[in-house]
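See below for the structure under consideration.
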């Protein structure tokens, strides 16, 4: 190591004189020392102050440039050396060198920048601002025959693509085209995996999704699926998953999804359909998720339902009822829920037996499955007959009441409340109300009236008004113990309550007057004061309802 001290001293002198032969000898010695003991040599380099001289040595004209960049790449493998490299002003000259024609210089420069900026979002952001992305994309296109340089570019893209600020810059280059071109040439699993690692973060950007679709990535992915579907090799299984996951990700962009749907006639859509009946869980999952993504507009949903997709999804669910795969259940239910959104699909899906298929999962203990099951049922029960049939299903109603208390799962709790309310609102049936009262559902509807979401408050108040109009005697005790009257007083007195909340609260007050005990509560709470103030409310409907409610309260008192 004494030799190293001599080398560093000599290097200081030759770095200033720039006598290339002696300089090259010193750099070779340093590289040798780094190969033997990187950490110790790096510490010596830092202590010698030589780093400050390196910035001037990084010139395109010098024959030593590649070696200097290589030394920087080696020392920057150590975390403690990265900030000193930045402080020595090395980033800017290194970025300039990315315009070099010399492949060895490019390789070592890329390594040096990658190691200095490793794991530092702020330094990576600095590189992005200095315009390295278009430069690297261009390099990938020019030097795609050079395996080491290609790999360097891919590693850089993988790191930079994690930053949101990079996506816009990537979208303005032809990165999609270059990556797909490169992907098509690769036969080795490891190489393809490297490209996948760049594609996944890039494909989160909608503009890049479309570019990748237009560059033909989907065809590559479908080919991989076809090649790997029957293999039980670990690498092949992993690649099948990556390819099908990426396929689903591309469908999350509206434009890329619509382009691949091609009016339901597209080759891609047809191939994805064939995944659903497959025996491979990963493909079943990807197929169902893809359908859920295609089902993001009414036109697509209507076309798919008319062409038999519902039966395929129900068959898939049927295969996963007993000890089924939870992710597949969740995906298939997501697809059914989305397909049920257009009004014209609801009756078709009901007559196809979707509710029966979905109800088989009532016993599921998995919140994601419960959430999608509830959402699917809620989408389907706009029709009075369906709402009545489900609302009289004691098992369903009891499970809903149980899930209304799922405090750890806000989504499940919210959807259960909304479905309870929807069963009453759409069925307008006394039998449904009796079932819900007997199952202990009233208190949950009253709590729902205090939700932070206006839409849920409203749904609860409308359901409670129907209960009061149709079955007040049956529900009276439960409404009392849930402190409904006090809650209504609070909603009317609160200036922040939305106009429709005030309106429906007053409608409900009038409906409650038919019960002696609730009527007495209304009188005790001096509702007249609150209601008379609302006669001058800026919303006409609220003001009108306030006058009617005031009259009713005055007469009844």
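Numbering (my numbering), first residue to last: 2 to 558.
For every residue, glycine included, the Cβ atom is placed at its ideal position computed from N, Cα and C.
Would residue i be called buried (16 or more neighbouring beta carbons within 10 Å of its own) or exposed?
i: residue 309; result: exposed
i: residue 280; result: exposed
i: residue 549; result: exposed
i: residue 567; result: Lying outside 2 to 558, the shown extent of the chain, residue 567 is not represented and no answer is given.
i: residue 132; result: exposed
i: residue 442; result: buried
i: residue 234; result: exposed
i: residue 9; result: buried
i: residue 375; result: buried
i: residue 112; result: buried
i: residue 346; result: buried
Enumerate in chain order the residues of its own chain whose CB-to-CB distance from residue i is below 7 Å, with the five nearest sequence positions on each side excluded.
i: residue 436; result: 392, 393, 395 and 398
i: residue 339; result: 293, 296, 297 and 302
i: residue 15; result: 23, 24 and 27
i: residue 556; result: none
i: residue 134; result: 161, 167, 170, 171 and 174
i: residue 118; result: 124, 125 and 128
Whose CA, out of the options, lies closest to the CA of residue i?
i: residue 52; options: 89, 64 and 174; result: 89
i: residue 245; options: 289, 211 and 203; result: 289
i: residue 520; options: 554, 488, 491 and 530; result: 554
i: residue 1; options: 136, 501 and 306; result: Any answer about residue 1 is impossible in this case: the structure gives the chain only from 2 up to 558.
i: residue 68; options: 476, 450, 220 and 55; result: 55
i: residue 163; options: 176, 137, 198 and 136; result: 198
i: residue 82; options: 356, 400, 8 and 47; result: 47
i: residue 261; options: 238, 218, 225 and 241; result: 218
i: residue 505; options: 159, 466 and 406; result: 466
i: residue 366; options: 323, 532 and 282; result: 323
i: residue 450; options: 440, 376, 486 and 385; result: 486
i: residue 377; options: 364, 385, 356 and 389; result: 356
i: residue 385; options: 360, 359 and 351; result: 351
i: residue 341; options: 214, 373 and 499; result: 373
May I have the straight-line CA-CA distance separating residue i from residue j, to the nearest angstrom?
i: residue 257; j: residue 302; result: 17 Å
i: residue 166; j: residue 129; result: 8 Å
i: residue 253; j: residue 143; result: 32 Å
i: residue 273; j: residue 227; result: 11 Å
i: residue 79; j: residue 70; result: 15 Å
i: residue 299; j: residue 249; result: 19 Å
i: residue 120; j: residue 99; result: 21 Å
i: residue 107; j: residue 140; result: 9 Å
i: residue 428; j: residue 387; result: 8 Å
i: residue 444; j: residue 319; result: 35 Å
i: residue 206; j: residue 479; result: 51 Å
i: residue 11; j: residue 32; result: 15 Å
i: residue 491; j: residue 362; result: 39 Å
i: residue 468; j: residue 432; result: 11 Å
i: residue 472; j: residue 312; result: 39 Å
i: residue 382; j: residue 484; result: 29 Å
i: residue 102; j: residue 267; result: 44 Å
i: residue 284; j: residue 414; result: 31 Å
i: residue 30; j: residue 61; result: 22 Å
i: residue 93; j: residue 72; result: 17 Å
i: residue 146; j: residue 192; result: 13 Å
i: residue 455; j: residue 87; result: 53 Å
i: residue 446; j: residue 453; result: 14 Å
i: residue 2; j: residue 50; result: Because residue 2 carries a pLDDT of 44, less than 50, the predicted location of this residue cannot be relied on, and the following value inherits that uncertainty. Going by the C-alpha atoms only, they are around 17 Å apart.
i: residue 7; j: residue 95; result: 27 Å
For residue i, I'd like the list of residues in its chain whose CB is within less than 8 Å of its CB, leaving aside the five on either flank, ordered along the chain.
i: residue 264; result: 304
i: residue 196; result: 155, 180, 183, 184 and 187
i: residue 379; result: 416, 419, 420 and 423
i: residue 536; result: 544, 547, 548 and 551
i: residue 511; result: 549, 550 and 553
i: residue 408; result: 414
i: residue 370; result: 327, 330, 331, 334 and 362
i: residue 202; result: 159, 162 and 163
Whose C-beta lies closer than 6 Å to the C-beta of residue i among residues of the same chain, with five residues either side of it excluded?
i: residue 332; result: 286, 289 and 290
i: residue 426; result: 463 and 464
i: residue 43; result: 76, 79 and 82
i: residue 410; result: 368
i: residue 508; result: 466
i: residue 529; result: 554
Would you check whether the ligand FMN has a heavy atom nearer than 7 Å to the C-beta of residue i?
i: residue 280; result: What this structure holds is no ligand at all, so the ligand FMN is not there to describe.
For residue i versus residue j, is the C-beta spacing smaller than 8 Å?
i: residue 430; j: residue 477; result: no
i: residue 232; j: residue 238; result: yes
i: residue 475; j: residue 502; result: no
i: residue 104; j: residue 150; result: yes
i: residue 177; j: residue 216; result: yes
i: residue 74; j: residue 116; result: yes
i: residue 241; j: residue 230; result: yes
i: residue 251; j: residue 204; result: yes
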